[in-house]
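Start counting the sequence shown at 5; every next residue gets the next number (the working numbering). Glycine residues also receive a C-beta, built at the ideal position from the N, C-alpha and C atoms. In this text, all values refer to a predicted model and were calculated from it rather than measured experimentally. Structure record follows, encoded as structure tokens.
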Amino acid sequence: MRRTLGALEYFTFGFGSMVGVGWLVIMDDWLGRGGSAGAMLGFLAGAVLLVPIALTYGRLVRAIPDAGAEIAYTERVFPRSASFAAGWMMVLAYAIVCPWEAVAIGNLLARIFPAMNAVPLYAVAGKVITLPRVVAGLGLTAVIGVINLRGIRTSGRFQDFTTIGLLACFAVFAILGFAHGSPANLQPLFATSGPFVSVLLVAQIVPYFMTGFESIPKASEEARPDLPAGTLGRTITLAVVAGGLFYVLVIAVVAWVYPWTELVTHHLGTEAAFARAFGTVWIARLILAGALLSLFKIFNGNLVAATRLLYALGRRGLVHPALGTIDARFGTPSVAILLITVLTAAAAFLGDALLVPITEVGSAVAAIGWGASCLAFVALARGNKAQKGVALAVAGALVSAAILVMKVTPAVPGSFRLAEWAALGGWGLLGLLLRH
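In structure tokens form, the structure reads like this:
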């Protein structure tokens, strides 16, 4: 693989793989769960809880710069089957994001071009699938696939452009929003469930919206030779801090510019709230432009992470060795890229109705990878009779376990239902069938 990535690319991969378009399309859900202050505090608390995991990954990637990441960390201390399980689960966490974004492109474009809802083809789980949306999804999938096939340098530059573009759009509408809004719009500060429950209901969804900071180690073998040691570790932590700050600020500006209770009542997106507050559509178009850039980067970032993990599995002979091959011309894991691209294109025909359960599973299996990596760090440190970082790794393992328990405990809101269990079981069965 080509060694061309610098610090900027690693930051944009980490931040860009976390922040998608949830801040645009489901802002009403976040505010409905927690209210203005509850939603901000929930994301802040969730980001803080992920810091020990980020710091642990930072130490691991410095000691073990391997595209397999979780696979490489766990294989040194756990059985081969545990290493495969950790890697296979993380593949799902990244791979499911790709068809989700292929579907989301149609949803976003329909907010600008109503003709995207024309020419209905069929329905899946009650959701109508239209020809323009399918074409848009397939087109985006093809573009991202080609970008990745042509090399990590191309992917990195694309990630830089889209991430910086999003941040520029965000800076403009955030400044305008804080200048235009009113603190009265923030009231009441919490949802009717009360302060504690409001914060808790938001904090429990944060892991899903911040999965991606650990994608940085998947490209660790493609770092520039002159990149200073420790850069990747610092960038992982910076990505978590930046991601948490972005979410807190975007919630703050939306609730500041438009009464959040009305936004929840009318199920408005972020761009619609701004358009109503400013009385013009141009600012909504700016926000949608930022969201499109955000969609491109999260698609690209997660495809890079998923394909590097598949490459690492193939290189170790844990799945078919063909997945571990590198294209001689571009230095990319071309077979893995083609596989994820084709699967993404196929899943895009399902629409978002059937992707929701798998996405819920993706947020839970990420916690499995996080926890396994933290436990591997503890085992490695004790084997070397070292204590530095062990306490943080233990804390990271406990946070990961808590996330997983919340998803599998029936009494907890947002826990797995039959569809999620079926999706997890199906992915596990597929892994058993493909394992060598």
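Local conformation of Ala281 per DSSP, three classes: Along the sequence shown, read from residue 1 onward, the residue named residue 281 stands at position 277. Reduced to three states, the DSSP call for Ala281 is helix.
Can the beta-carbon of Asn304 be found closer than 8 Å to that of Ile75? Residue mapping note: residue 304 aligns to position 300 of the sequence shown, counting from 1. Residue mapping note: residue 75 aligns to position 71 of the sequence shown, counting from 1. Not in contact: Asn304 and Ile75 (Cβ atoms no closer than 8 Å).
Find the nearest neighbour of Gly366 within the set Leu135, Asn306, Ile133, judged by alpha-carbon distance. As a working mapping, residue 366 is identified with position 362 in the sequence shown. Comparing Cα positions, the closest option is Asn306.
In the DSSP assignment, the beta strand (DSSP E) including Ala127 goes from what residue to what residue? Numbered from 1 along the sequence shown, position 123 holds the residue referred to as residue 127. Here the beta strand (DSSP E) through Ala127 covers 124-128.
Consult DSSP for Lys301 and reduce its assignment to one of helix, strand or coil. By 1-based counting over the sequence shown, the position of residue 301 is 297. Reduced to three states, the DSSP call for Lys301 is helix.
CA-to-CA distance, Ala281 to Gly375, given in whole angstroms: By one-based count along the sequence shown, residue 375 stands at place 371. By one-based count along the sequence shown, residue 281 stands at place 277. Looking at the two C-alpha atoms, the distance is approximately 43 Å.
Cutting at 7 Å between CB atoms, please list the residues of its own chain near Thr345, excluding the five before and the five after it. In the sequence shown, the residue the question calls residue 345 occupies position 341. Thr145, Gly149, listed in sequence order.
Excluding the 5 residues preceding and the 5 following Asp32 in the sequence, name in chain order all residues of the same chain whose CB lies nearer than 7 Å to its CB. Translated into the one-based positions of the sequence shown, residue 32 becomes position 28. The residues are Leu267, Val268, His271, Leu272.
C-alpha distance - Leu396 paired with Lys411, whole-angstrom precision: Here the question's residue 396 lines up with position 392 in the sequence shown. Here the question's residue 411 lines up with position 407 in the sequence shown. Taking the straight line from one Cα to the other gives about 23 Å.
Are Gly155 and Arg6 close, meaning C-beta to C-beta below 8 Å? Within the sequence shown, residue 155 is the residue found at index 151, counting from 1. Within the sequence shown, residue 6 is the residue found at index 2, counting from 1. It is a contact, given that the beta carbons lie within the stated cut-off.
With H, G and I counted as helix, E and B as strand and the rest as coil, what does DSSP make of Leu384? Numbered from its first residue, the sequence shown carries residue 384 at position 380. In this structure, Leu384 counts as helix in the three-state DSSP scheme.
Mind checking who Thr134 pairs with in its DSSP beta bridge? Here the question's residue 134 lines up with position 130 in the sequence shown. Paired residue(s): Pro124.
Please list the terminal residues of the continuous alpha helix (DSSP H) segment that includes Ser224. In the sequence shown, the residue the question calls residue 224 occupies position 220. Neither: Ser224 is in no alpha helix (DSSP H) and is coded neither H nor E.
Over the uninterrupted alpha helix (DSSP H) stretch that includes Val23, give me the two end residues. One-based indexing of the sequence shown puts residue 23 at position 19. No alpha helix (DSSP H) holds Val23; DSSP gives it neither H nor E.
Buried or exposed for Trp286, please, with buried defined as at least 16 other CB atoms from any protein chain shown within 10 angstroms of its CB. To locate residue 286, count along the sequence shown from 1; it is residue 282. Exposed.
Residue range of the alpha helix (DSSP H) that Asp164 falls in? Numbered from its first residue, the sequence shown carries residue 164 at position 160. Element bounds for Asp164: 156-184.
What does Leu9 pair with, by DSSP beta-bridge criteria? Within the sequence shown, numbered from 1, the residue matching residue 9 stands at position 5. According to DSSP, Leu9 bridges with Ala227.
If I measure Cβ to Cβ from Leu290 and keep anything under 8 Å in the same chain, skipping five residues before and after, which residues do I get? Here residue 290 corresponds to residue number 286 of the sequence shown, with the count starting at 1. The answer, listed in chain order, is Cys173, Val176, Phe177.
Any contact of the segment 295-302 with the segment 118-137, i.e. 3+ C-beta pairs under 8 Å? no
For the putative contact between Met44 and Gly216, defined by C-beta atoms under 8 Å, what is the C-beta separation to the nearest angstrom? In the sequence shown, residue 44 corresponds to position 40, counting from 1. In the sequence shown, residue 216 corresponds to position 212, counting from 1. Rounded, the Cβ-Cβ distance is 21 Å, inconsistent with contact.
Can you tell me whether DSSP reads Arg333 as helix, strand or coil? Locating residue 333 in the sequence shown gives position 329, counting from the first residue. Arg333 falls in the coil class under three-state DSSP.
Helix, strand or coil for Ser197, going by three-state DSSP, please let me know. On the sequence shown, position 193 is the one that residue 197 refers to. It is coil, neither helix nor strand.
Within 10 angstroms of its Cβ, does Ile179 collect 16 or more other Cβ (buried), or is it exposed? Sequence index remark: in the sequence shown, residue 179 carries index 175 (1-based). Ile179 is exposed by the Cβ-count criterion.
Measure the CB-CB distance between Ser224 and Leu236 and report whether it falls below 8 Å. Taking the first residue of the sequence shown as 1, we reach residue 224 at position 220. Taking the first residue of the sequence shown as 1, we reach residue 236 at position 232. Yes, Cβ-Cβ distance for Ser224 and Leu236 is below 8 Å.
Among Leu408, Leu402, Val403, Arg386, the one whose alpha carbon lies nearest that of Arg80: Along the sequence shown, one-based indexing puts residue 80 at 76. Closest by alpha carbon: Arg386.
Output needed for Arg228: all residues of its chain with C-beta closer than 7 Å, excluding positions within five of it in sequence on either side, in chain order. The residue you call residue 228 lines up with position 224 of the sequence shown. Arg7, Thr8, Leu9, Gly10, listed in sequence order.
Count the other C-beta atoms from every protein chain shown that fall within 10 angstroms of the C-beta of Gly222, then say buried if there are 16 or more, exposed otherwise. On the sequence shown, residue 222 is found 218 positions in, with the first residue counted as 1. Reading off the sequence, residue 222 comes out as Lys, not Gly. Flag for Lys222 reads buried.
So the candidates are Arg319, Ala380, Pro103, Met93; which of them puts its Cα closest to the Cα of Ala351? By 1-based counting over the sequence shown, the position of residue 351 is 347. Nearest of Arg319, Ala380, Pro103, Met93 to Ala351, Cα basis: Pro103.
From Tyr126 to Val132, what does the alpha carbon distance come to, in whole angstroms? One-based indexing of the sequence shown puts residue 126 at position 122. One-based indexing of the sequence shown puts residue 132 at position 128. When rounded, the distance between both Cα atoms is 6 Å.
Tell me which residues share the same chain as Gly354 and place their Cβ nearer than 7 Å to its Cβ, disregarding the 5 neighbours each side in the sequence. Looking up residue 354 in the sequence shown gives position 350. Sequence check: residue 354 is Leu here, not Gly. Taken in chain order, the residues that qualify are Val128.
C-alpha gap between Val254 and Tyr14, whole angstroms: For this step, residue 254 is matched to residue 250 along the sequence shown. For this step, residue 14 is matched to residue 10 along the sequence shown. Straight-line Cα distance between these residues: approximately 23 Å.
Compare the Cα-Cα distances from Ala49 to each of Ala89, Gly283, Leu205 and report the closest residue. Numbered from its first residue, the sequence shown carries residue 49 at position 45. Per the Cα distances, Leu205.
Tell me which same chain residues have a C-beta within less than 6 Å of the C-beta of Ala58, skipping the five on either side of it? The count along the sequence shown starts at 1 and reaches residue 58 at position 54. The residues are Phe217, Ile240, Thr241, Val244.
If you draw a straight line from the C-alpha of Leu402 to the C-alpha of Ala370, how long is it? Working through the sequence shown from its first residue, we reach residue 402 at position 398. Working through the sequence shown from its first residue, we reach residue 370 at position 366. Distance between the alpha carbons of Leu402 and Ala370 is about 14 Å.
What do you get for Asn388, buried or exposed, if any count of 16 or more other CB atoms within 10 angstroms of its CB means buried? Along the sequence shown, one-based indexing puts residue 388 at 384. With fewer than 16 Cβ atoms within 10 Å of its Cβ, Asn388 is classed as exposed.
Boundaries of the alpha helix (DSSP H) in which Ser85 is found, first to last residue: Against the sequence shown, residue 85 aligns to sequence position 81. From DSSP, the alpha helix (DSSP H) with Ser85 extends over 84-99.
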